[in-house]
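Report on the structure given below.
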Amino acid sequence: MQLVIHNDDQTLWEFVVDLVRSVFDRSEAEAEAYAATVTQQGKAVCGSYAQPELG
1 MQLVIHNDDQ TLWEFVVDLV RSVFDRSEAE AEAYAATVTQ QGKAVCGSYA
51 QPELG
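Per the working numbering, the sequence shown starts with residue 1, numbered consecutively.
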């Protein structure tokens with residue numbers, strides 16, 4: 001399972017940077033590079049995670 005952030009016309013650059021910094025514990029430079037990837041490519045994978053077993 002992958003967590004992906006998609007680019008849109010309403011979410012501010014600063015919000016994406018703050019989200020990446022606070023949730024994924026990245027530096028300002030890393031978060032800005034990630035936000036740039038989202039802007040340039042339309043989306044970016046934040047991380048890959050194992051899907052939890054149900055039941």
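Just so it is clear, CB atoms sit at the ideal spot from N, CA and C, and this is done for glycine as well.
Enumerate in chain order the residues of its own chain whose CB-to-CB distance from V45 is below 6 Å, with the five nearest sequence positions on each side excluded.
Q2 and V4
Can the beta-carbon of V20 be found closer than 8 Å to that of Y34?
yes
With respect to the alpha helix (DSSP H) encompassing A50, which residues constitute its N-terminal and C-terminal limits?
Run containing A50: none; DSSP gives neither H nor E here.
Helix, strand or coil for L3, going by three-state DSSP, please let me know.
strand
Return the chain-ordered ranges of every alpha helix (DSSP H) run that is complete within the segment 6-39 and spans a minimum of 4 residues.
13-24
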